[in-house]
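Below is one structure, written out as structure tokens; comments come after it.
In the working numbering, the protein residues as written are -13 to 317.
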């Protein structure tokens, strides 16, 4: 009897260990699912931040490139303006001193008239300042001032061209930016449309799998096999039994019935086991309707064979279990 009590305690501890392991596995699975969700949300947030940062860096880089391009364009035009103004001044001097073509001679006449008109002002300015000036010297000063005025006019004309060119570049840059924005919107719209289609297809697959699982749960029943101490699936239509879970269930499973089963150990002693809660007891569970028949108990290994209450549960609001009901019917 002492060895029997030790065996019963060890078997009880074995079932309790299995129950704790299953609860720990369920808790670990739940934590893993929560961690996966948290990691996925974190990855999405980091991806959005990287995208926004990349867009910000791109905007800053575009702005800096645009500023550098504007400064370079202004420097190029400033150098061009000075160069063209100097060349035009040299050209005007050449037209005054040594005109060779008809165009140069045609340009020399208005320049000579301007110089001639400028000379009285130069002489008057010299008299005002109390300086004695010769006609030749006054002509040289008037020529220099007229050439500077002509170069200044040429510079103003080229500067006006530069302003027009800058406005045109600004307009083209604005059009390019608007075109980029339009293309980005179209691309985003296409991406959103594609994402909507993918989400719709994913939802259709998810709904189809959900309906398939529902039909599978309605058709199959999960039962605990007392002899093999394992679950099997029974087709309600055909009565066919299979040990493999239907593939339509995927990672899900049919809920286990919360009911007690009568099992026997190696020495044929009965005990009670609930496959849903993984609880085990050597005594009938509290509140369970037990069979009211008195039956022999040969597993006690006593002589004469003792009699005691039947170890099975009463069936369908009856006082007897299925085996005892058949015995009473045939008696």
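Beta carbons are placed, not taken as given, at the ideal position from N, Cα and C, and that holds for glycine.
Taking a contact to require three or more Cβ pairs closer than 8 Å, the stretch 119 to 133 and the stretch 95 to 105 qualify as touching.
A straight-line Cα-Cα distance of about 16 Å links residue 198 and residue 241. In its chain, beyond the 5 residues on either side, no residue has a beta carbon closer than 7 Å to the beta carbon of residue 76. Per the DSSP secondary-structure output, residue 220 pairs in a beta bridge with 207 and 227. At a Cβ-Cβ threshold of 8 Å, residue 79 and residue 117 do not count as neighbours.
Remark: C-beta atoms of residue 306 and residue 278 approach each other more closely than 8 Å.
At a Cβ-Cβ threshold of 8 Å, residue 268 and residue 257 count as neighbours. DSSP places residue 237 in the coil class of the three-state scheme, outside both helix and strand.
Under the DSSP definition of a beta bridge, residue 257 partners with 249. Restricting attention to 286, 216 and 280, the CA atom closest to the CA of residue 296 is found in 280.
Under DSSP, residue 294 shares a beta bridge with 281. Looking only at 223, 186, 181 and 235, the smallest Cα-Cα distance to residue 200 is reached by 235.
Shortest Cα-Cα distance from residue 224 to any of 194, 206 and 230 involves 206. Residue environment for residue 291: exposed (fewer than 16 other C-beta atoms within 10 angstroms of its C-beta). For a cut-off of 8 Å, the C-beta gap from residue 1 to residue 264 is around 7 Å, short enough to register as a contact.
Counting only the Cα atoms, residue 150 lies some 38 Å from residue 176.
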